[in-house]
Amino acid sequence: MSYKKFFIPASALILLLSGCGANNGQDSSLPEEDPTGQEQQYDREESNDPYDMHHSDDRSHMHGMHGSSGKVPEGLEAAQNPKFPVSSEVVMHADHMPGTDGVKATVTGAYDTTVYSVTYTPADGGKPVKGHKWVIHEELEDPGKAPLKEGTAITMKTGHMPGMKGAEAIIESAEPTTVYMVDFVSGEDGKTVDNHKWVIESELSEAK
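Going by mature numbering (1 follows the signal peptide of the UniProt record, and there is no 0), the letters in the sequence shown line up with residues -25 to -1, 1 to 183, in that order.
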């Protein structure tokens, strides 16, 4: 019996082998899976903003019940004889923030300054914030002598509200007074807020 020899060109052999091991029945056009089995996580800068809920176009009512480290602006001086000294128990009567009207609080700081309500458009986008309360003189960029007049255009350098830092604003009102930093438990959702900025003296009364 005779056998015939068959020769397969090398180029054909390479194509044959590569075709067998390429996809193993899988579509190579599909996206590659995350080897960790988890979606990519994005770091977000921790916010000290007091509120995290939409309220009309006022972003002062956003970024939910966070407090702050208690750090205050450079140049802000402690009040020498505040009506409500540090550690005083008070009741808040502020209606410009949710969960604060009628709520007990503890004073953690008292400072003499000029406080402003302002209208501004957030630097990070969003609708204008009308009559935001409160921004103090030391949180403004090169403000000059206090108090500033109504209608004055200024730039804010504070970041305790979303989109506030670097935003241009218009002074709506100005009041020389004592401002307070306070700890409290929200009357709305029961969350603890430490070193909230700011409550003015007329928004506080002595706790009984």
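Just so you know, even glycine gets a beta-carbon here, dropped at the ideal spot from N, CA and C.
Whether residue i touches residue j by CB criterion (7 Å)
| i | j | result |
| --- | --- | --- |
| V160 | H171 | no |
| A142 | P97 | yes |
| M67 | A80 | yes |
| L123 | A149 | yes |
| V82 | I111 | no |
| P57 | E113 | no |
| M139 | T133 | yes |
| E147 | G106 | yes |
Exposure label - residue i; buried when at least 16 CB within 10 Å
| i | result |
| --- | --- |
| A128 | exposed |
| K46 | exposed |
| E181 | exposed |
| K166 | exposed |
| S44 | exposed |
| P137 | buried |
| S(-8) | Legend: pLDDT at S(-8) = 45, less than 50; position of this residue unreliable, value from coordinates given subsequently. By the 10 Å Cβ count, S(-8) comes out exposed. |
| K108 | buried |
| P60 | exposed |
| P118 | buried |
Residue i, enclosing beta strand (DSSP E) - first and last residue
| i | result |
| --- | --- |
| S180 | 179 to 181 |
| A144 | 143 to 160 |
| T130 | 128 to 130 |
| T167 | 167 to 175 |
| H107 | 104 to 111 |
Distance between beta carbons of residue j and residue i, contact taken as under 8 Å
| i | j | result |
| --- | --- | --- |
| I145 | T94 | 5 Å |
| T88 | L51 | 6 Å |
| V154 | Y86 | 5 Å |
| V65 | G162 | With 8 Å as the limit, V65 and G162 do not qualify as a contact, their Cβ atoms being about 14 Å apart. |
Note to self: Quick check for students: name the residue ranges of the beta strand (DSSP E) that lie wholly in the region 42 to 84, counting only runs of 3 or more.
What the structure shows: 64 to 67
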